[in-house]
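K.L.:
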Amino acid sequence: MSKPYVLGIDIGGTNTVFGIVDARGQVIASDSIKTLKHANFDDYIEEMHQGVERLLKAYEAEDKIHGIGIGAPNGNYYTGEIVKAPNLPWGPVVPLAEKVSKIFGGIPVAVTNDANAAALGEMTYGAARGMKDFIMITLGTGVGSGIVVNGQLVYGHDGFAGELGHVIVKRNNGRICGCGRTGCLETYCSATGVARTAREFLEIRTEPSVLRDLQIEDITSKDVYDAAVGGDKLAKEIFEYTGTILGQAMADMVAFSSPQAIILFGGLAKSGELLMRPLKEAFDKAILPIFRGQTKILLSELKESDAAVLGASALGWEAKYRYEAPVANLPVVEE
């Protein structure tokens, strides 16, 4: 009897990573495509399908996929749709589960927020093993979050709970966010937020910096990181600014759910003490006394691609069982 697999898919603002995962949680193989290469959603799905099919053929896994789980920005667990994702160009409502299932020949599909998928992966295989209460913060193109309370992901009544990246951290003169509001955490503490801070600092300040040798509109968070590692004072201050805002916001998160840990995941989380030192200092200053010393700040223990892919794969198994046993204790959304 052939081994059953599921497909885990992580749709990020920059890359879409997909992996074949077995029943023990081993990522057999993975690959990726650029998320924003196609402005048309059907073209994007077609390229992803072709990439997956090549992977399945290379590992002799055709006809062995029993379910597909997808983590996507503003992915709705209840409806299977992407709804008003600020960093994606495909329209206000995208019937993700329906279209993916169709192109893959009817394989059952389950969808959740990409950060929720990362939280599932971390809870099962990473730093959150054994924890029932934690918050996962993903620091990538945007800022995402997955909130776990009493061992369960928090979805809310409509499937959209847990958007901590869109908590407002600057009430006056805040940056415009892709969501349409101003002052969101995402506009300051994502990779793109770091680049925005760099541009602002370079425009309003006069001290020398290696960043001035770059085209200002092309500066990335990686450029800022490299400059800071090289000792550039302005670049270091950009990380101070970013870490302080994030640490203050995390102190508010603790007041909300009193988690055992807040786990940081994504490219920006790899900045080491450049980010973590100001973050922890701001966190300790802002935390309510009753919570002081109660919440750990941890880095993800999983490879950047694996956390979301493994978390999404858990949804893939759920999709399989939901299809085979529709009377299971799963959410029911009325029309």
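Read in order, the letters of the sequence shown correspond to residues 287 to 621 in my numbering. For each residue, glycine too, the CB sits at the ideal point set by N, CA and C.
1. Using the three-state DSSP reduction, which class does N615 fall into: helix, strand or coil?
2. Using alpha carbons as the reference points, say which of V440, T483, M422 lies closest to R461.
3. Look up S507 in the DSSP assignment and say whether it is helix, strand or coil.
4. Could you tell me how far apart the beta carbons of N373 and G432 are, in whole angstroms, since I believe they sit closer than 8 Å?
5. Would you tell me roughly how many angstroms separate the C-alpha atoms of E348 and V303, rounded to the nearest one?
6. What would DSSP say about G298, mapped onto helix, strand or coil?
7. Exposed or buried, what is K418 when buried is set at 16 or more other beta-carbons lying within 10 Å of its beta-carbon?
8. How is T478 classed by DSSP in three states: helix, strand or coil?
9. Per DSSP, what kind of secondary structure is T581 in: helix, strand or coil?
10. If contacts are defined as beta-carbon pairs under 8 Å, then A605 and A403 qualify, I think. What distance do you get, rounded to the angstrom?
11. Which residues does DSSP pair with M422 in a beta bridge?
12. Between the alpha carbons of Y291 and K589, how many angstroms are there, rounded?
13. Nearest to I423 by alpha carbon, out of A547, S316, M334?
14. Does the Cβ of T398 have 16 or more other Cβ atoms within 10 Å, making it buried, or fewer, making it exposed?
15. Applying the criterion that 16 or more other CB atoms from any shown protein chain within 10 Å of the CB defines a buried residue, is I492 buried or exposed?
16. Answer yes or no: does any C-beta atom of chain D fall closer than 7 Å to that of I314?
17. Pairs of beta-carbons, one from the stretch 530 to 538 and one from the stretch 567 to 583, closer than 8 Å: are there three or more?
18. Hey, how far is the Cα of H335 from the Cα of N362?
19. Among all the DSSP beta bridges, which residues are the ones paired with L439?
20. Looking at L550: is its Cβ nearer than 7 Å to the Cβ of A413?
21. Three-state secondary structure (DSSP) at H352?
22. The alpha helix (DSSP H) with K320 in it runs from where to where?
23. Using the C-alpha atoms, what's the distance from G305 back to G602?
P.N.:
Result, derived from the coordinates:
1. Bear in mind that a pLDDT of 38 at N615, under 50, signals an unreliable position, so the number given afterwards is only what the model happens to contain. Coil at N615, not helix or strand.
2. T483
3. Three-state DSSP puts S507 in a helix.
4. About 17 Å separates the two Cβ atoms, so there is no contact after all.
5. 18 Å
6. coil
7. exposed
8. DSSP places T478 in helix when its eight states are reduced to three.
9. coil
10. Not confirmed; about 13 Å, so no contact.
11. G432, I549
12. For Y291 and K589, the distance between alpha carbons rounds to 20 Å.
13. A547
14. buried
15. According to the sequence provided, residue 492 is Thr. The question's Ile does not apply to it. Counting Cβ neighbours within 10 Å, T492 comes out exposed, since fewer than 16 surround it.
16. No chain D appears in the structure shown, which is made up of a single protein chain.
17. yes
18. 21 Å
19. V434
20. no
21. strand
22. That residue, K320, is in no alpha helix (DSSP H); its beta strand (DSSP E) goes 313 to 320.
23. 11 Å
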